[in-house]
Amino acid sequence: MQGFTYKVIEDGTYCITGYQGDEADVVIPNYGGRVTILFDKLFSGHSEITSVDIPDTVTDMGEFLFDGCVDLRHIQLPSHLTCLWGYTFVRCGIEEIVLPDGVKTLPPFAFKDCKQLKKVVCGSGMEKISSWVFEGCDGLTELIHGPNVEISPEAFASKVLNT
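This is the structure:
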């Protein structure tokens with residue numbers, strides 16, 4: 043069984059603030075197409091989660107959102123996504139991720155300690171990859187991005203990666 047709590051924000055859309063459940067496949071309700079934010083730590087520590095279905099209306103994904111979701115393997119990010127907050131995917135089990143065109147910046151530590159992460163594909167809107175984004179991503183071998191992306195020299199911490 044899955045249960046969600048939310049709050050209405052200033053623009054009349056919804057921010058999902060809480061989750062209770064123990065299912066492997068999570069489906070986030072769209073509440074009539076009004077969900078725009080997934081708040082901090084929403085799925086933190088839910089190691090049983092293997093996939094998450096996110097409403098396409100989501101524009102912001104909070105800090106530590108998937109922290110410790112070590113079995114999370116599949117996630118398709120919503121096409122309207124514009125903002126990842128710090129540590130969004132820290133210590134989760136994703137192996138590959140495609141970032142939509144609206145995401146312009148990867149914040150520090152966004153994928154920290156994602157040991158299974160092998161491939162990241164940045165959308166056409168990507169402008170900046172911040173310091174320590176991929177710190178501890180020991181399995182990362184491929185980062186695909188456009189020609190004008192500013193990549194911090196510390197983006198990979200001590201790892202050398204051909205981009």
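Take the sequence shown: its position 42, counted from the start at 1, is 84 in the numbering used here, and no numbers get skipped. Using N, Cα and C, we set each Cβ at its ideal position, and we do this for glycine too.
E105 is classed as buried because its beta carbon has at least 16 other beta carbons within 10 Å across all chains shown. Classified as buried, P97 has 16 or more neighbouring CB atoms from the shown chains inside 10 Å of its CB. Taking C-beta separations shorter than 6 Å and ignoring five residues to either side along the sequence, the partners of W127 in its chain run G104, E105, following chain order.
At the C-beta level, T99 and G75 come within 8 Å of one another.
With a beta-carbon spacing of about 7 Å, E90 and D113 fall inside the 8 Å limit used to define contacts.
With respect to T59, Y48 sits close: the two C-beta atoms are nearer than 8 Å.
A buried status is given to I136, since no fewer than 16 other beta-carbon atoms sit within 10 Å of its beta-carbon.
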